[in-house]
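Beneath this line is the structure, given in structure tokens, with notes to follow.
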Amino acid sequence: MPSDILNKYQLAFAEKMSVPFAFGFWKGRVALYAILKGMGITENDEVVMPGYTCVMAVNPIIYLGAKPVFVDIEPVTYNIDPNRIEAAITPRTRMIIAQHTYGYPADMNAIMDIAQRHGLPVVEDCCLALGSRYNGQLAGTFGIAAYFSSQWNKPYTTGLGGMAVVRDKELAGRIEQIVEYDLIPPGSRETTMLRAQLAVYRSLIYPCTTTLAQNFFRVLTKLGIVVGSSSSEEFGPVMEANFFKGISDLQAKSGLKQLTRLEQNCAHRKRMTILYEQLLAEKKWPLPTIPSQIDPVLVRYPVRVADKVKALQGAARHFVELGSWFECPLHPIETPMHLYGYYPGMCPQADKASAEVVNLPLHPRTSPSTIRRSVEYIAGIGPAA
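Here you go:
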């Protein structure tokens, strides 16, 4: 049985998303695993998904013995290209994952139409898209289920954390059983380290210090001094011990607090997005035409630059918080993509985006001066051709 604080968090999240069921987990990828297992995904099944994603979103499919089938993206919102989905569907296809990349909602009308024609369920990857809407409807409320992340660089943070939301009663019942019998509680040492990391994050991490902090954090993670977003084992397709872990009361308490600030968080991100667009337009930067049916709340502001390596190498010296993801179609760059069945050229638009796209901050600690400094720096690099 969930604790009182976890139960409150799950109910509050479900209410915020206007869905009947929500389940908390240690990480977003664990939430996806629970959804897939509840749906009966198993050996030799195929899951259609975008070929521009994080490998942590692919691993749960592999862990269950299924096969990811990668589909190229369209170049404006970086989401799965609906025009290419049907060619990827085979008699073994069991579901479609619709990822809302950077917070831009995928073309859900087209995706749901294809899914309905083929009798396939849709699961939404909302790890980067809390609060985004498509035709006025919240991302995460179209498919049979969706999953979210509340790790360090997500729409809000509980240190680590994931949530599965489910619209189908039978699926929710199966996930509830899996949670009851299989879920491992987080250890006290992990929770203690996470509490300390949250305190440091809230006190010391700001846009001008983020790069230095991230580099230091990676070193501490390798030494086992802090709880990292990803362990070294998670960069490969073998499931680590104690992967299927529940959410702690610490994370639930933090999540409840963050939910009360969600509207302000989303409004801030929209204001800063508008400022990016205004300042980039003044620099004659080519801006994409975003589809009118989407109302995104971006987790980061993506831009295509002429020299991604140069941009990333110089950002810290200019006190610019610059994100590299996605470094490759199955981010991060350390991923042995061939072990997942991905090879260069398989998804040309994803390969191109990986080589060109960097992302800029939009979190609540960004300010207009942060945005101006970021734009000045990026303008010095120049846009991709």
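Last residue of the sequence shown? That's 388 in this note's numbering, and every number before it is there in order. Ideal placement from N, C-alpha and C gives every residue a C-beta, glycine not left out.
Subject >> Run of the beta strand (DSSP E) containing residue 266, from where it starts to where it stops >> reply: Reading the sequence shown from its first residue, position 263 is the one you call residue 266. For residue 266, there is no enclosing beta strand (DSSP E); the enclosing alpha helix (DSSP H) has its first and last residue at 265–285.
Original post:
By Cβ distance below 8 Å, which residues in the same chain neighbour residue 45 in space, the five residues on each side in sequence not counted?
Top reply: Within the sequence shown, residue 45 is the residue found at index 42, counting from 1. The residues are 67, 68 and 69.
Original post:
What residue range is occupied by the uninterrupted alpha helix (DSSP H) comprising residue 363?
Top reply: Along the sequence shown, read from residue 1 onward, the residue named residue 363 stands at position 360. First-last for residue 363: 360–364, but that is the beta strand (DSSP E), not the alpha helix (DSSP H).
**OP:** Enumerate in chain order the residues of its own chain whose CB-to-CB distance from residue 87 is below 8 Å, with the five nearest sequence positions on each side excluded.
**Re:** Here residue 87 is taken as the residue at index 84 of the sequence shown, counted from 1. Closer than 8 Å at Cβ, skipping near neighbours: 74 and 75.
Subject >> For residue 390: DSSP bridge partner residues >> reply: Nothing can be reported for residue 390, as the shown portion of the chain is limited to 4 through 388.
**OP:** Identify whether residue 336 lies in helix, strand or coil by the three-state DSSP scheme.
**Re:** As a position in the sequence shown, residue 336 is number 333, starting the count at 1. Residue 336 sits in coil when the DSSP states are folded into three classes, being neither helix nor strand.
**OP:** Identify which residue in 94, 241, 96 and 133 has its Cα closest to the Cα of residue 102.
**Re:** In the sequence shown, the residue the question calls residue 102 occupies position 99. For residue 102, the closest of 94, 241, 96 and 133 by C-alpha to C-alpha distance is 133.
Original post:
Since residue 20 is in the alpha helix (DSSP H), which residue starts that stretch and which ends it?
Top reply: Translated into the one-based positions of the sequence shown, residue 20 becomes position 17. Its alpha helix (DSSP H) spans residues 7–20.
Original post:
Excluding sequence positions up to five away, which residues of its chain have a Cβ less than 7 Å from the Cβ of residue 349?
Top reply: Residue 349 sits at position 346 when you count from the first residue of the sequence shown. Same-chain partners within the cutoff: 54 and 73.
**OP:** Return the chain-ordered list of same chain residues with a C-beta closer than 7 Å to the C-beta of residue 256, the five sequence neighbours on each side being excluded.
**Re:** The residue given as residue 256 occupies position 253 in the sequence shown. Excluding its 5 nearest sequence neighbours in each direction, residue 256 has C-beta neighbours in its own chain below 7 Å: 8, listed in chain order.
**OP:** Using the Cα positions of residue 328 and residue 80, report the straight-line distance between them to the nearest angstrom.
**Re:** By 1-based counting over the sequence shown, the position of residue 328 is 325. By 1-based counting over the sequence shown, the position of residue 80 is 77. Looking at the two C-alpha atoms, the distance is approximately 14 Å.
Original post:
For residue 276, which residues from the same chain have a beta carbon less than 7 Å from its beta carbon, with the 5 sequence-adjacent residues on both sides left out?
Top reply: Here residue 276 is taken as the residue at index 273 of the sequence shown, counted from 1. The residues are 301, 304 and 365.
Original post:
Between which two residues does the alpha helix (DSSP H) carrying residue 3 extend?
Top reply: Given a span of 4 to 388 for the chain in the structure shown, any question on residue 3 remains unanswerable.
**OP:** Decide yes or no for the touch test of the segment 26–36 against the segment 239–248: beta carbon pairs closer than 8 Å, at least 3 of them.
**Re:** Three or more beta-carbon pairs separated by less than 8 Å link the segment 26–36 to the segment 239–248, which places the two stretches in contact.
Subject >> Rounded C-alpha distance that separates residue 97 from residue 118 >> reply: Counted from its first residue, the sequence shown places residue 97 at position 94. Counted from its first residue, the sequence shown places residue 118 at position 115. Whole-angstrom Cα-Cα distance: 10 Å.
Original post:
Relative to the alpha-carbon of residue 376, which residue among 335, 200 and 322 has its alpha-carbon at the smallest distance?
Top reply: In the sequence shown, residue 376 corresponds to position 373, counting from 1. Of 335, 200 and 322, the residue nearest in Cα terms is 322.
Original post:
Count the other CB atoms within 10 Å of the CB of residue 359; is the residue buried (16 or more) or exposed (fewer)?
Top reply: Stepping through the sequence shown from its first residue, residue 359 is reached at position 356. The residue in question, residue 359, is buried, as its Cβ has 16 or more Cβ neighbours within 10 Å.
Original post:
How many whole angstroms separate the CB atoms of residue 108 and residue 137, which I take to be in contact at a CB cut-off of 8 Å?
Top reply: Within the sequence shown, the letter at position 105 stands for residue 108. Within the sequence shown, the letter at position 134 stands for residue 137. Contact annotation, residue 108 with residue 137: C-beta distance approximately 4 Å; criterion of less than 8 Å satisfied.
Original post:
Taking buried to mean at least 16 other C-beta atoms within 10 Å of its own C-beta, is residue 95 buried or exposed?
Top reply: To locate residue 95, count along the sequence shown from 1; it is residue 92. Under this definition residue 95 is an exposed residue.
Subject >> Bridge partner(s) assigned by DSSP for residue 386 >> reply: For the purposes of this step, residue 386 is identified with residue 383 of the sequence shown, where counting begins at 1. BP columns for residue 386 point to 308.
Subject >> Coil, strand or helix - residue 152 by DSSP >> reply: Walking along the sequence shown from the start, residue 152 turns up at place 149. In the three-state DSSP reduction, residue 152 falls in the strand class (E or B).
**OP:** Would you grab the beta carbon distance between residue 154 and residue 31 for me? Rounded to a whole angstrom, and I think it's under 8 Å.
**Re:** As a first step, residue 154 must be located in the sequence shown, where it is residue number 151. As a first step, residue 31 must be located in the sequence shown, where it is residue number 28. At roughly 7 Å, the Cβ-Cβ gap stays under 8 Å, so residue 154 and residue 31 are in contact.
Subject >> Inside the segment 52–118 only - beta strand (DSSP E) runs reaching at least 3 residues >> reply: Within the segment 52–118, the runs of beta strand (DSSP E) that reach at least 3 residues and sit entirely inside it are, in chain order, 70–74 and 96–102.
Original post:
When DSSP labels each residue in this structure, what does residue 140 get in the three-state scheme?
Top reply: Taking the first residue of the sequence shown as position 1, residue 140 is located at position 137. In the structure shown, the three-state DSSP call for residue 140 is strand.
Original post:
For residue 312, does the count of other Cβ atoms within 10 angstroms reach 16, so buried, or fall short, so exposed?
Top reply: Within the sequence shown, numbered from 1, the residue matching residue 312 stands at position 309. Within 10 angstroms of the beta-carbon of residue 312 lie fewer than 16 other beta-carbons, which makes it exposed.
Original post:
Helix, strand or coil: which one does DSSP assign to residue 303?
Top reply: On the sequence shown, position 300 is the one that residue 303 refers to. Judged by DSSP in its simplified three-state form, residue 303 adopts strand.
Original post:
Expressed to the nearest angstrom, what Euclidean distance is found between the alpha-carbon atoms of residue 113 and residue 71?
Top reply: Along the sequence shown, one-based indexing puts residue 113 at 110. Along the sequence shown, one-based indexing puts residue 71 at 68. Residue 71 has its alpha-carbon roughly 20 Å from the corresponding atom of residue 113.
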